[in-house]
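> Line order of the protein sequences matches chains A and H. Whatever position you read off the first sequence (first residue = 1), add 6 for the numbering used here. Whatever position you read off the second sequence (first residue = 1), add 6 for the numbering used here. Glycine is no exception: its CB is placed at the ideal position from the N, C-alpha and C atoms. Handing you this structure, nothing more for now.
2 protein chains.
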Amino acid sequence: MHDEISLWSENDYDKESIRLCVEKIKNEFGQQFSNSKSILEQHTHTMTIHDSELPDGVVFVESKEDVQKVVKICNEYKCPIIPFGIGSSFEGHVNAPYGGISIDMNNMNKILNVYQEDLLVVVQPGVTREQLNIHLRDTGLFFPIDPGANASIGGMAATRASGTNAVKYGTMKDNVIALEVVTADGQLIKTANKARKSSAGYDLTRLMVGSEGTLGISTEITLKLYGIPEVIAGGRVSFPSVKDATDAVIMTIQSGIPVARIEFLDLAQVKAINNYSKTNLPESPLLLLEFHGSESSVKEQSELFGEIASDFGGNDFEWTSNNEERSKLWQARHDAYWSCKAVRPEADIYSTDVCVPISRLSDCMIETIEDMEKNDLIGPIVSHAGDGNFHVALLIDKNSKEELKKLDTFLTRISERAIRMDGTCTGEHGIGQGKRKYMLKELGSAVNVMKQVKMAFDPYKIMNPGKLFL
Amino acid sequence: MHDEISLWSENDYDKESIRLCVEKIKNEFGQQFSNSKSILEQHTHTMTIHDSELPDGVVFVESKEDVQKVVKICNEYKCPIIPFGIGSSFEGHVNAPYGGISIDMNNMNKILNVYQEDLLVVVQPGVTREQLNIHLRDTGLFFPIDPGANASIGGMAATRASGTNAVKYGTMKDNVIALEVVTADGQLIKTANKARKSSAGYDLTRLMVGSEGTLGISTEITLKLYGIPEVIAGGRVSFPSVKDATDAVIMTIQSGIPVARIEFLDLAQVKAINNYSKTNLPESPLLLLEFHGSESSVKEQSELFGEIASDFGGNDFEWTSNNEERSKLWQARHDAYWSCKAVRPEADIYSTDVCVPISRLSDCMIETIEDMEKNDLIGPIVSHAGDGNFHVALLIDKNSKEELKKLDTFLTRISERAIRMDGTCTGEHGIGQGKRKYMLKELGSAVNVMKQVKMAFDPYKIMNPGKLFL
Numbered sequence: 007m008h009d010e011i012s013l014w015s016e017n018d019y020d021k022e023s024i025r026l027c028v029e030k031i032k033n034e035f036g037q038q039f040s041n042s043k044s045i046l047e048q049h050t051h052t053m054t055i056h057d058s059e060l061p062d063g064v065v066f067v068e069s070k071e072d073v074q075k076v077v078k079i080c081n082e083y084k085c086p087i088i089p090f091g092i093g094s095s096f097e098g099h100v101n102a103p104y105g106g107i108s109i110d111m112n113n114m115n116k117i118l119n120v121y122q123e124d125l126l127v128v129v130q131p132g133v134t135r136e137q138l139n140i141h142l143r144d145t146g147l148f149f150p151i152d153p154g155a156n157a158s159i160g161g162m163a164a165t166r167a168s169g170t171n172a173v174k175y176g177t178m179k180d181n182v183i184a185l186e187v188v189t190a191d192g193q194l195i196k197t198a199n200k201a202r203k204s205s206a207g208y209d210l211t212r213l214m215v216g217s218e219g220t221l222g223i224s225t226e227i228t229l230k231l232y233g234i235p236e237v238i239a240g241g242r243v244s245f246p247s248v249k250d251a252t253d254a255v256i257m258t259i260q261s262g263i264p265v266a267r268i269e270f271l272d273l274a275q276v277k278a279i280n281n282y283s284k285t286n287l288p289e290s291p292l293l294l295l296e297f298h299g300s301e302s303s304v305k306e307q308s309e310l311f312g313e314i315a316s317d318f319g320g321n322d323f324e325w326t327s328n329n330e331e332r333s334k335l336w337q338a339r340h341d342a343y344w345s346c347k348a349v350r351p352e353a354d355i356y357s358t359d360v361c362v363p364i365s366r367l368s369d370c371m372i373e374t375i376e377d378m379e380k381n382d383l384i385g386p387i388v389s390h391a392g393d394g395n396f397h398v399a400l401l402i403d404k405n406s407k408e409e410l411k412k413l414d415t416f417l418t419r420i421s422e423r424a425i426r427m428d429g430t431c432t433g434e435h436g437i438g439q440g441k442r443k444y445m446l447k448e449l450g451s452a453v454n455v456m457k458q459v460k461m462a463f464d465p466y467k468i469m470n471p472g473k474l475f476l
Numbered sequence: 007m008h009d010e011i012s013l014w015s016e017n018d019y020d021k022e023s024i025r026l027c028v029e030k031i032k033n034e035f036g037q038q039f040s041n042s043k044s045i046l047e048q049h050t051h052t053m054t055i056h057d058s059e060l061p062d063g064v065v066f067v068e069s070k071e072d073v074q075k076v077v078k079i080c081n082e083y084k085c086p087i088i089p090f091g092i093g094s095s096f097e098g099h100v101n102a103p104y105g106g107i108s109i110d111m112n113n114m115n116k117i118l119n120v121y122q123e124d125l126l127v128v129v130q131p132g133v134t135r136e137q138l139n140i141h142l143r144d145t146g147l148f149f150p151i152d153p154g155a156n157a158s159i160g161g162m163a164a165t166r167a168s169g170t171n172a173v174k175y176g177t178m179k180d181n182v183i184a185l186e187v188v189t190a191d192g193q194l195i196k197t198a199n200k201a202r203k204s205s206a207g208y209d210l211t212r213l214m215v216g217s218e219g220t221l222g223i224s225t226e227i228t229l230k231l232y233g234i235p236e237v238i239a240g241g242r243v244s245f246p247s248v249k250d251a252t253d254a255v256i257m258t259i260q261s262g263i264p265v266a267r268i269e270f271l272d273l274a275q276v277k278a279i280n281n282y283s284k285t286n287l288p289e290s291p292l293l294l295l296e297f298h299g300s301e302s303s304v305k306e307q308s309e310l311f312g313e314i315a316s317d318f319g320g321n322d323f324e325w326t327s328n329n330e331e332r333s334k335l336w337q338a339r340h341d342a343y344w345s346c347k348a349v350r351p352e353a354d355i356y357s358t359d360v361c362v363p364i365s366r367l368s369d370c371m372i373e374t375i376e377d378m379e380k381n382d383l384i385g386p387i388v389s390h391a392g393d394g395n396f397h398v399a400l401l402i403d404k405n406s407k408e409e410l411k412k413l414d415t416f417l418t419r420i421s422e423r424a425i426r427m428d429g430t431c432t433g434e435h436g437i438g439q440g441k442r443k444y445m446l447k448e449l450g451s452a453v454n455v456m457k458q459v460k461m462a463f464d465p466y467k468i469m470n471p472g473k474l475f476l
């Protein structure tokens, strides 16, 4: 495997030209512009161990015309543009390593049109998923993708986000129907119309989804919606081992039980929850389930799953379609984040994710747990087990160089482990700055093809430079 | 709307250079090469009204190394390469308007690996969907995508095919997990590993799916598989009008009933079937349904659908989970093609497809039926109604210039009608040669972005020239 030739270089960006560009944007946008220290810092404040790299200015856009104007000016001056949603990225996506303009999308937060018969909605990128679902409440429809944070739809599309119920509803790639995008030269394009499927030309929608702001900035997003399930049932069951739990998951998927969520918590995570939430869950790996459907359908799904669970040593599968009791069963999942914090209160949480074929999930998690034990790292695991995707919430003291180094070598090992098992170094967080160094190992010369695509879209490399590629 | 600047030009391809290239390939491949007239003709014989345009030679590849070798030679001589599967394209995808080499993929027909736990299979592109499902029979798994013809998986991926059960299982874009691809310079790349989801870089898988051989040639395809449903139920019901039938479809989808197939047949199609198959279906629009699941789940789905159908005037909804009776209920659908032929036995069938948001499906079909009446065209309609996708099987005498002209203006109107209704000029057949002229109207300047992508992948424009773009 040859070394990767870097796409980015300091020399591509002229400091004086960026200064003039920022000046021009400041003049054009007045009150919509800021370069106060605190604003600049907020726009790199991401949930990450990566050091902040400040932009030179932030512009708060309010319309697609604003976006086009910013991009056209930046294109003229070859000045970097970094799109900013709510800043919940883990991988340094909103940092500005080469300076430039952070383009804050939060004021573009209109829900433009709900098409009830077509189960579609058109939103601006600054709309958050919670805002969208509150808006939809009276329609009987909902947007299922739930990455945890109340992320912006634009950010979710840009990182190809998913979350707990991807096993049933898919990821952002499956739920974005069309995009309106401002490309690096300031052109406004639409990637598709509103038909549910199309064979007309290259799939620019899917090319944009997951491109992390490096190919263009979306200004309108058309999403699929779903009917709110008549009944939602929840379930919980403990297993003797990681392998038993994942085998039950595999059998569940193979049997075609349409689980809406199937979440795995490892021993460390269960212990952390017992400690934090004063619960007494059996101290062994845990699965949490959710079933969507009619009363009889969720009953059937739950019972079928119960049989599978018991075949794999699952202990006392409990389930309910009562909302209150369901929340109680699922409390463990909701407390996961804070329970980790409580394990080592002074530490920061660095969350990483990998994804492997489901047949390798157990191996990958077990090796990872052993790795942490051996290297004296604490990192409870939560897995979207139906997709083969899992997260490790590493508890790290950001101020300790030694710990950061230990974290770094661990991250390399877990990424390489997932890749060795024919998986990916990120199932849903994206590459950003943090995972660039694993791309070549994972995808080989396809990375060069991606770079060709990048250069075709953005010859001056102004769109979110320093991300995705080394 | 500005005019489109053509991507293709005779001048890009040097006849002498192509002659030398074909000579070299003939020497290299010996028995695997042919330029006999009949072989050349077979490799443009597609189910289409487009005139045949012969390649200069056909090479029957047997391995990825063969593909790389052909592509490298063609790249050196700037000679067009046209991938050939089973030739069931409707839109002239396998024609060779600039000559060159037709690369026949049919001997690359190995099913390489079934991953039962992961519900994945890796196949070579020449595998056909029937071959795959026969191979899978003992595993309890199946590959659902069914475009009608026994197409090759490579061709299905290249045109982003779908078919009757896309409403439940999605299209090829949803079911290709990863591709191994030979790019225009002869490099072998893989677009992804085998994880069910990934956020690692640009979605080259989806970019390749639907690119119609213009960006590269796939040599391995990883597909999603599904458990064969425990029970399959079929149903049939007539409606007073097109609108009633499509309203029932909309309500079915909104209610979240997970129908596996929901096919609409218009009056002309029903009449054709009654005539051909000596049946006595009520002469009004018809819906045919299929439900997949457990015994109780298909019963519930069928009953729920029955209530919806009756709300919209559906007449005597019949359903059964008995396989033999189900085949009888569905006989109409299976006879659709031949019943059309029988309406005008001396004519050729030219099948076109468009796809609109489902709320506009009824309008689009009704306007299309009126259009045909007005213009004295015969074209029974079959619709994958759950997706808003429909086909018109136009009965045309290919030898009549007048009829061809009438067809051409009809095709322009139906495409523009679908686009006006925020849909697409093709839901599943692809663009090929036939629908290039509607791309700009449908997608505007996004077409130029697609051309930039094309040029980044294939600067000499050797990969299936003359397709997708004007």
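Over the uninterrupted beta strand (DSSP E) stretch that includes residue 370 of chain H, give me the two end residues.
Per DSSP, residue 370 of chain H belongs to no beta strand (DSSP E); it is in the alpha helix (DSSP H), 367-380.
> Closer than 7 Å between beta carbons: that is the criterion. Which residues of the segment 308-337 of chain H meet it against chain A?
Under the 7 Å Cβ criterion, the segment 308-337 of chain H contributes no residue.
> Using a Cβ distance threshold of 8 Å, determine whether the segment 17-28 of chain H contacts the segment 109-128 of chain H, with at least three qualifying pairs required.
The segment 17-28 of chain H vs the segment 109-128 of chain H: no contact.
> Which residues of chain H have a Cβ atom closer than 9 Å to the Cβ of residue 463 of chain A, listed in chain order?
Near residue 463 of chain A (Cβ distances below 9 Å), the residues of chain H are 455, 458, 459, 462.
> Kindly list, in the order they appear in chain H, the residues whose Cβ is closer than 9 Å to that of residue 445 of chain A.
What residue 445 of chain A touches in chain H: 206, 207.
> Who pairs with residue 344 of chain A in a beta bridge, going by DSSP?
In the DSSP output, where bridge partners are listed per residue, residue 344 of chain A has none listed.
> Take the Cβ of residue 435 of chain H as the centre, count every other Cβ of all protein chains shown within 10 Å, and call the residue buried at 16 or more, exposed below.
So residue 435 of chain H counts as buried.
> Looking at chain H, is there any beta carbon in it that lies within less than 8 Å of the beta carbon of residue 7 of chain A?
Per-residue confidence for residue 7 of chain A stands at a pLDDT of 49, beneath the threshold of 50, marking its modelled position as unreliable; no derived number is given.
> Should residue 366 of chain A and residue 299 of chain A be called a contact, given that it needs their Cβ atoms to be closer than 8 Å?
Result no, Cβ atoms of residue 366 of chain A and residue 299 of chain A do not sit closer than 8 Å.
> Would you kindly work out how many angstroms separate the C-alpha atoms of residue 459 of chain H and residue 189 of chain A, rounded to a whole number?
Rounded to the nearest angstrom, the two C-alpha atoms are 13 Å apart.
> Under 8 Å, Cβ to Cβ, is there at least one residue of chain A near residue 121 of chain H?
At least one chain A Cβ lies under 8 Å of residue 121 of chain H.
> Alpha carbon to alpha carbon, how far is residue 467 of chain H from residue 195 of chain H? Give it in angstroms, no decimals.
About 19 Å.
> Is the beta carbon of residue 183 of chain A less than 8 Å from the beta carbon of residue 118 of chain A?
Contact: no.
> What does the alpha-carbon distance come out to for the pair residue 163 of chain A and residue 215 of chain A?
Spanning the two alpha carbons is a distance of roughly 5 Å.
> Whose CA, out of H/116, H/48, H/372, H/41, lies closest to the CA of residue 68 of chain H?
Out of H/116, H/48, H/372, H/41, H/116 has the C-alpha closest to the C-alpha of residue 68 of chain H.
> Quick one: what does DSSP say residue 413 of chain H is sitting in, helix, strand or coil?
In the structure shown, residue 413 of chain H sits in a helix (DSSP, three-state: H, G or I).
> In three-state DSSP terms, what is residue 7 of chain H?
With a pLDDT of 48 at residue 7 of chain H, under the threshold of 50, the modelled position of that residue is not reliable, and the figure given next carries that caveat. Note: residue 7 of chain H maps to coil in three-state DSSP.
> Which residue from H/174, H/178, H/161 puts its Cα closest to that of residue 168 of chain H?
Of the listed residues, the one whose Cα sits closest to residue 168 of chain H is H/178.
> Within 8 Å (strictly less), CB to CB, does residue 3 of chain A reach chain H?
With chain A covering 7 to 476 only, the question about residue 3 of chain A has no answer from this structure.
> From this set, H/238, H/57, H/74, which residue's C-alpha is nearest residue 405 of chain H's C-alpha?
Checking every option, the nearest Cα to that of residue 405 of chain H belongs to H/57.
> Which first and last residues belong to the beta strand (DSSP E) in which residue 227 of chain H is found?
222-230 is the span of the beta strand (DSSP E), which, as asked, contains residue 227 of chain H.
> List, in chain order, every chain A residue whose beta-carbon is nearer than 8 Å to that of residue 434 of chain H.
Those are 203, 205, listed as they occur along chain A.
> For the segment 339-348 of chain A against the segment 249-263 of chain A, are there 3 or more C-beta pairs whose distance is under 8 Å?
No contact exists between the segment 339-348 of chain A and the segment 249-263 of chain A.
> Could you tell me the boundaries of the beta strand (DSSP E) in which residue 294 of chain A lies?
Per DSSP, residue 294 of chain A belongs to the beta strand (DSSP E) from 292-299.
> For residue 279 of chain H, tell me which candidate among H/206, H/376, H/386 has the shortest Cα-Cα distance.
Selected option, being the one with the closest Cα: H/386.
> Would you please state the rounded distance, in angstroms, between the beta carbons of residue 293 of chain H and residue 254 of chain H? I believe it to be under 8 Å.
Confirmed, about 7 Å.
> Per DSSP, what kind of secondary structure is residue 405 of chain A in: helix, strand or coil?
Three-state DSSP puts residue 405 of chain A in coil, outside helix and strand.
> Does DSSP put residue 214 of chain H in a helix, a strand or coil?
Residue 214 of chain H: helix per DSSP, three-state reduction.
> I need the straight-line Cα distance from residue 252 of chain A to residue 170 of chain A, nearest angstrom please.
Cα to Cα, the separation comes out at about 16 Å.
> Buried or exposed for residue 465 of chain A, please, with buried defined as at least 16 other CB atoms from any protein chain shown within 10 angstroms of its CB.
The residue in question, residue 465 of chain A, is exposed, as its Cβ has fewer than 16 Cβ neighbours within 10 Å.
> I'd like to check one pair, residue 206 of chain A with residue 437 of chain H: are the Cβ atoms closer than 8 Å?
Against a cut-off of 8 Å, the Cβ pair of residue 206 of chain A and residue 437 of chain H comes out as a contact.
> Compare the C-alpha of residue 243 of chain A against each of A/304, A/326, A/222, A/230 and name the closest.
Minimum Cα distance to residue 243 of chain A is reached at A/326.
> According to DSSP, what are the bridge partners of residue 398 of chain H?
Its beta-bridge partners are H/358, H/387.
> Give the list of continuous beta strand (DSSP E) stretches no shorter than 3 residues that lie fully inside the segment 237-324 of chain H.
Taking only runs of at least 3 residues, the beta strand (DSSP E) segments lying wholly in the segment 237-324 of chain H are 237-244, 265-271, 292-299.
> Can you tell me where the beta strand (DSSP E) holding residue 90 of chain H begins and where it ends?
Where residue 90 of chain H is concerned, the enclosing beta strand (DSSP E) stretches over 87-90.
> Judging by CA-CA distance, which residue of H/120, H/264, H/277, H/318 is the nearest neighbour of residue 303 of chain H?
For the residues H/120, H/264, H/277, H/318, the minimum Cα distance to residue 303 of chain H belongs to H/264.
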